[in-house]
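Same order as they appear, the protein sequences are chains A and B. Under the working numbering, the first sequence has 256 at position 263, and the numbering climbs by one with no breaks. Under the working numbering, the second sequence has 224 at position 231, and the numbering climbs by one with no breaks. We put the CB at the ideal spot given by N, CA and C, even for glycine. Contents: one structure, followed by commentary.
Number of protein chains: 2
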Amino acid sequence: MVATLKDVANKAGVSTSAVSRAFTDGASVSSKMRKKVEKAASELGYSPNFLARSLTTRRTKLIGLVSNNFHNPIFLEVFDLFTRGLQDRGLRPLLVNLSDETNPEQSLQMLRQYSVDGVLVASSTLPPEFSMAFRSKGIPVINTFGRYSSSPEVHVVGIDNVEAGRMAARELAQRNYKAVAFLGGPEIATSTQDRLKGFREEMAKYPLIRISHTFAKEYSFQAGRTEMLRLSKGDVAEAYFCGDDVLSIGVLSAIKDIGLEVPKDIGLIGFNDMKMSSWESISLTTIHQPIQQIINSSIELMVAMFDEPNRYPEARLFPCQIIERGTLRPRL
Amino acid sequence: MVATLKDVANKAGVSTSAVSRAFTDGASVSSKMRKKVEKAASELGYSPNFLARSLTTRRTKLIGLVSNNFHNPIFLEVFDLFTRGLQDRGLRPLLVNLSDETNPEQSLQMLRQYSVDGVLVASSTLPPEFSMAFRSKGIPVINTFGRYSSSPEVHVVGIDNVEAGRMAARELAQRNYKAVAFLGGPEIATSTQDRLKGFREEMAKYPLIRISHTFAKEYSFQAGRTEMLRLSKGDVAEAYFCGDDVLSIGVLSAIKDIGLEVPKDIGLIGFNDMKMSSWESISLTTIHQPIQQIINSSIELMVAMFDEPNRYPEARLFPCQIIERGTLRPRL
DNA sequence: TATTTCTTTGCAACCCGTTGCAAAGAAATC
DNA sequence: GATTTCTTTGCAACGGGTTGCAAAGAAATA
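Rendered as structure tokens:
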């Protein structure tokens, strides 16, 4: 049915090695030979079978792209950037939807069966052990958006969540809020823990500011809304640092329902700066996470690991940035 | 490094065929043999290489998942459902981001090189020729969310966009709007064309209703917003049928800026019923597209084609449904 | 032109599995 | 117990490529 290397060799009257070489960059072939082969190949509509090739080259150019977050719109941006970045380098993303799973075993086995060249774990909630499982089997792995401190054995590309928490704290302090709160994502998420940690650390410098914290069940609109509605039954803070933009939007919705106004009655700063946050109807002040850079860097690091599998693990952290929009009152 | 079938065979003291059979369902192996092999295999941490296997079985279980829309949040839901559905059946999605490309050649070649078992084209904007290219090379292909009428050679799973357009028209008529407009996505998108077609057809039955139409540059918030702002400089209709929810949300934002109120001054009905449309702060009346069913059905059809590659092409269309929320005035 | 060096080519083994076929072994029948 | 039938096993060829090595050919040097 579909033409093979042998067919091309027959048609061109040359050996199979010659054909193979004609399709390999930098192989030892004369240009006459290459021309002859290419002619035969194009007449037959031949192109090499990557999977057969991978058997000997040990390179599939398949990359496992693992995520456990298919609900937060920011991940659509993430997938877009990852797929384009990989494609541009001739790599192919094998998408793995982890859903509720946090155990690496299944994914690990599956990705090994497909001999992926590497694995990109795109998650800010998975425990470091997840990525470690791949590394310990010798598969290059990058934990994008991961926590760097606790897993120095694995490459991490992302941001310093602790510092981001401090940044939020400084910002609220500068705007003279006297009672602030952190409204995080799921308590077990490493990103939430770290942002809270930084937030408290920094706030400790302002003894006059009251601080509290609480967690939403997940990074989602409804979770944010629900949590804020719950909070509204008690003492409401003057400003909230919200662990994620989609969560923030839920919170905004709740605030409106309660009958309060942003930023007049209550301040809000989000996290991520997803596209939607800049929509005029939302206009969320938030902390921008440079996902374009993070993703590019993740891919570059992955590619570098192909040549240097035992590369010493590093953490690549990018600075975040406050994006001023309409949900915090002006600075002093 | 990683254990192969031969290693297992040596360790267990049996032939490679025996090992192979032990890992194949329904193969002729005694249970003693299987036990022996499994023991050796688990000691070595062996699991079969799918790609090597695929050379002889001619099944990779890889499915190309092709999309050109990484901006509309509905596609996050689509990816979620597709990846889970495929995984549940032991299939693996190889994600292809088409971006601006509409030419199938590159994707076709790439997916052939990876010997995918089938291709799912998830797009309501790609021309039918795109999917046809795969079919003509003998690769099972389903056009999910595609247009059925113009490409009877390819399997299509989705909705009847013309009928959906009629549905919107009926709904607006029933609510006694006297000047309505269709605000579609990109004019070249088949889905936009069909929805407009149905909308006009149905509206033709109501000679007293004035009707017009216009197109946004793409299915996005900004495109919707921009288009509505532009429209606001001229004659504004009483109600808009918007070709997509994210577009609608942009339109809503513009309406607010203009100083009009929904549904008091102006009505709006969207399309898709993405998660976000049900957020309390948006509460968009819209037409629900049953994407869960569409995607399940697409996958089932794909699987059926494995056994019956020349299956006569069919269109599977699912009915849509109006979801009443807060952006249309009550029925008469 | 003869010799040396470099480039190009083909052979054959290999990558990691599967599978048709025949031989060996076990079970069933007489 | 001998014969027939069924099950299990191993051999060897195969799937679609790549690659080390040696031979052949071309170019460079003497």
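At a Cβ-Cβ threshold of 8 Å, Leu321/B and Ala247/B do not count as neighbours. Take Lys29/A, set aside five residues on each side of it, and the residues of its chain with a beta-carbon closer than 6 Å to its own are Ala5, in chain order.
The beta-carbon of Tyr212/A is placed no less than 8 Å from the nearest beta-carbon of chain B.
Chain-order list of chain B residues neighbouring Phe63/A: Leu69, Phe72 and Asp73, by C-beta distance under 7 Å. Counted as a single uninterrupted DSSP element, the beta strand (DSSP E) harbouring Thr207/A occupies residues Arg203 to Phe208. If you look at Thr185/A, you'll find it in the alpha helix (DSSP H) that goes Thr183 to Met196.
By the C-beta density criterion, Met(-6)/B is exposed, having fewer than 16 other C-beta atoms within 10 angstroms.
For Phe138/B and His148/B, the gap between their C-alpha atoms comes out near 11 Å. Annotation: the continuous alpha helix (DSSP H) that includes Gly78/B extends over Ile67 to Asp81.
Using a 10 angstroms sphere on the CB of Pro323/A, the tally of other CB atoms stays under 16, which defines it as exposed.
Interface criterion not met: the Cβ of Arg322/A is under 8 Å from no Cβ in chain B. Between the alpha carbons of Tyr170/B and Ile202/B lies a gap of roughly 7 Å. Not flagged as an interface residue toward chain A: Gly178/B, since no C-beta distance is shorter than 8 Å. Collapsing the DSSP output to three states places Gln314/B in a strand. In this structure Ser47/B touches Ser108/B by the C-beta definition: roughly 6 Å separates them, less than 8 Å.
A Cβ-Cβ contact shorter than 8 Å links Ser270/A with Leu277/A. In this structure, the beta-carbon distance from Ala115/B to Leu58/B falls below 8 Å.
Rounded to the nearest angstrom, the gap between the Cα atoms of Val7/B and Leu44/A is 28 Å. One Cα belongs to Met103/B, the other to Glu122/B, and the distance between them is close to 17 Å. Residue pairing from DSSP leaves Leu165/A without any beta-bridge partner.
At least one beta carbon of chain A lies nearer than 8 Å to the beta carbon of Lys249/B. The DSSP-derived three-state label of Phe16/B is coil. Contacts with chain B (Cβ-Cβ distance below 7 Å) from the region 20 to 46 of chain A involve Ser40, Pro41, Asn42, Phe43, Leu44 and Ala45, listed in chain order. For the region 79 to 94 of chain A, the set of positions with a beta-carbon nearer than 7 Å to some beta-carbon of chain B reads Gln80, Arg85, Pro86, Leu87, Leu88, Asn90 and Ser92 in chain order. Considering only beta carbons, the part of the region 257 to 275 of chain B lying closer than 7 Å to chain A consists of Trp272, Glu273 and Ser274, in chain order. Scanning its chain for C-beta atoms nearer than 6 Å, with the 5 sequence neighbours on each side dropped, one finds around Ala230/A the residues Ala172, Val173 and Ala174, in chain order.
A check of alpha carbon separations from Lys210/A across Pro120/A, Glu293/A, Gly178/A and Asp73/A identifies Gly178/A as the nearest.
If you look at Ala34/A, you'll find it isn't in any beta strand (DSSP E); it sits in the alpha helix (DSSP H) that goes Ser24 to Leu37. Using a Cβ-Cβ cut-off of 7 Å, Pro66/B is close to Pro66 and Leu69 of chain A, given in chain order. Closest in alpha carbon position to Ile280/A, among Ala166/A, Thr9/A, Ala161/A and Asp0/A, is Ala161/A. The region 52 to 71 of chain A and the region 85 to 93 of chain A touch, with three or more beta-carbon pairs separated by less than 8 Å. Of all residues in the region 99 to 110 of chain A, only Gln102, Arg105, Gln106, Tyr107 and Ser108 come within less than 7 Å of chain B when Cβ atoms are compared, listed by chain position.
Contacts with chain B (Cβ-Cβ distance below 9 Å) from the region 119 to 136 of chain A involve Lys130 and Gly131, listed in chain order.
In the same chain as Glu31/A, and ignoring 5 residues on each side of it, the C-beta atoms closer than 8 Å to its own belong to Ala15, in chain order. Contact with chain B is found for Thr76/A, since one of that chain's Cβ atoms lies less than 8 Å from the residue's Cβ. Residue contact check for Arg203/B against chain A: no CB pair falls below 8 Å.
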